[in-house]
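These notes are about the structure you will find just below.
Printed below as a string of structure tokens:
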């Protein structure tokens, strides 16, 4: 599947290169024949667009390298770097276009352009972006967005040329300035999104729910919590999770369960669970079960507490442990934690509390 994805990205990028080289040659001929520097410079812009497709190919190939000692999690994040480079190119193109538009506002020129370039760029942009979404490639999506923005500029220039011919009113520079601002905005958004992925975003909500449901499908799993997903490139995930199982489970039975969970998650979701932690659940002592219900009621009475799990009580040692998940919406998560612990301690003054503050990595 990974090889098929790489082939699709490379094939689409080659289509982009061919189309942009064709446009560059076409514009260069027209520009030289009409002695239009603007069209010749636009031909150079198409060469840079072809360069973006080349960057996508190189980035995809490098990202597909096998893990090694230096990078044991692979090179998948290189795709994000190539997407970042393309974002910078789009941003640069927008700034350059804005500068040229301002120059034309100050020193107006007769607008001229070719409808052929507009049509080709629109089709190319839709095709490349569509494939990018399908195979989850930020580089292709950004390249397609770049082509679409170029087509908008070209179309606006063509419309401006028509207005000029009919009414002798030159709007090309003003339209160019407005659209340049749109391109700059798009470039900033592309760059922001790519940097966000490199920094590490919250868990994909749909993927997290699907993994949770898979883990909970095992009859003896009474709860699944603390799912953490680490992204090492598009569709490349490692993760860890905690499960609650009865405290009567033997070590060999638990080992078999964890192995089965790991294999099923990998098979169904292509996520490698590098660790499966275990919370044991009291199942035989009714007094402990009642204590859990009482503590849960106290904890969940607090507004920003999303969840309680990992509860375990040792009567002989007078210790009680559990984890609480506190929402990021709380103004002071630590203050909420302190209040929860204080309320539980008030209800169980003879017990030593071991309470961990957890985070929900899927919270929106």
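In the working numbering, the protein residues as written are 10 to 373. Cβ atoms here follow ideal geometry from the backbone N, Cα and C, with glycine treated the same way.
Query raised in the report: What number of angstroms, rounded off, separates the C-alpha of residue 249 from the C-alpha of residue 101?
Result: 40 Å
Query raised in the report: Where does residue 25 land, buried or exposed, given buried means 16+ other C-beta within 10 angstroms?
Result: buried
Query raised in the report: How many whole angstroms separate the CB atoms of residue 88 and residue 146, which I take to be in contact at a CB cut-off of 8 Å?
Result: 7 Å
Query raised in the report: Are the Cβ atoms of residue 288 and residue 311 separated by less than 8 Å?
Result: no
**Report entry** the region 339-349 contacting the region 251-265, beta-carbon criterion three pairs below 8 Å
**Finding:** no
Report task. Taking the CB atoms as reference points, tell me whether residue 196 and residue 62 lie closer together than 8 Å. Result -> no
Requested in this report: Evaluate residue 331 with the Cβ neighbour count: other Cβ atoms within 10 Å of its Cβ, from every protein chain shown; 16 or more gives buried, anything less gives exposed.
Outcome: buried
Report task. With distances taken Cα to Cα, identify the nearest neighbour of residue 94 among 336, 272, 299, 201. Result -> Here the closest residue by C-alpha is 201.
Query raised in the report: Mapping DSSP to helix, strand and coil, what is residue 124?
Result: At residue 124 the pLDDT is 47, less than 50, meaning the model places this residue with poor confidence; the figure from the coordinates comes in the next sentence. Residue 124: helix per DSSP, three-state reduction.
Requested in this report: Use the C-beta contact count for residue 22: other C-beta atoms within 10 angstroms, 16 or more gives buried, fewer gives exposed.
Outcome: It counts as buried.
**Report entry** Local conformation of residue 287 per DSSP, three classes
**Finding:** strand
Requested in this report: Determine the contact status of residue 235 and residue 315, defining contact as a CB-CB distance below 8 Å.
Outcome: no
Requested in this report: Would you identify the three-state DSSP class for residue 357, choosing helix, strand or coil?
Outcome: coil
Query - Contact set for residue 238: own chain, Cβ-Cβ below 6 Å, skip 5 residues either direction - result: 212, 246, 248
Query raised in the report: Got a sec? Which residues, its chain only, sit under 6 Å from residue 363 by beta carbon, not counting five neighbours each side?
Result: 330
Query raised in the report: Does the separation of the CB atoms of residue 90 and residue 55 fall below 8 Å?
Result: Taking 8 Å as the Cβ cut-off, residue 90 and residue 55 do not qualify as a contacting pair.
Requested in this report: Compute the distance between the beta-carbons of residue 7 and residue 18, then report whether it is under 8 Å.
Outcome: Residue 7 falls outside the range modelled here, since the chain spans only 10 to 373, and no answer is possible.
Query raised in the report: What did DSSP end up calling residue 352 once you bin it into helix, strand or coil?
Result: helix
Report task. May I have the straight-line CA-CA distance separating residue 317 from residue 307, to the nearest angstrom? Result -> In this model, residue 317 and residue 307 are separated by some 10 Å (Cα to Cα).
Query raised in the report: Is it buried or exposed for residue 116, if we count other Cβ within 10 angstroms and need 16 for buried?
Result: exposed
Query - Rounded C-alpha distance that separates residue 155 from residue 86 - result: Between residue 155 and residue 86, the C-alpha separation is close to 21 Å.
Query raised in the report: Taking the DSSP output, what are the residues bridged to residue 90?
Result: For residue 90, which the question treats as bridged, DSSP gives no partner whatsoever.
Requested in this report: Mark residue 319 as exposed unless 16 or more other C-beta atoms lie within 10 angstroms of its C-beta, in which case mark it buried.
Outcome: By the neighbour-count rule (16 or more Cβ atoms within 10 Å), residue 319 is buried.
Query raised in the report: Looking at residue 227 and residue 270, is the spacing between their C-beta atoms short of 8 Å?
Result: yes
**Report entry** Pairwise C-alpha distance: residue 137 and residue 150
**Finding:** 7 Å
Query - Check whether residue 148 and residue 92 have beta carbons under 8 Å apart - result: yes
Query raised in the report: According to the neighbour-count rule (16 or more other Cβ atoms, all chains shown, within 10 Å of its Cβ), is residue 274 buried or exposed?
Result: buried
Report task. Pull up the distance between the alpha-carbon of residue 309 and that of residue 296, whole angstroms please. Result -> 20 Å
Query raised in the report: Does the Cβ of residue 34 have 16 or more other Cβ atoms within 10 Å, making it buried, or fewer, making it exposed?
Result: exposed
**Report entry** DSSP three-state assignment for residue 240, whether helix, strand or coil
**Finding:** strand
Query - Assigned exposure category for residue 152 - 16 Cβ within 10 Å defines buried - result: It is buried - the Cβ of residue 152 has at least 16 other Cβ atoms within 10 Å.
Query raised in the report: For residue 141, does the three-state DSSP call read helix, strand or coil?
Result: helix
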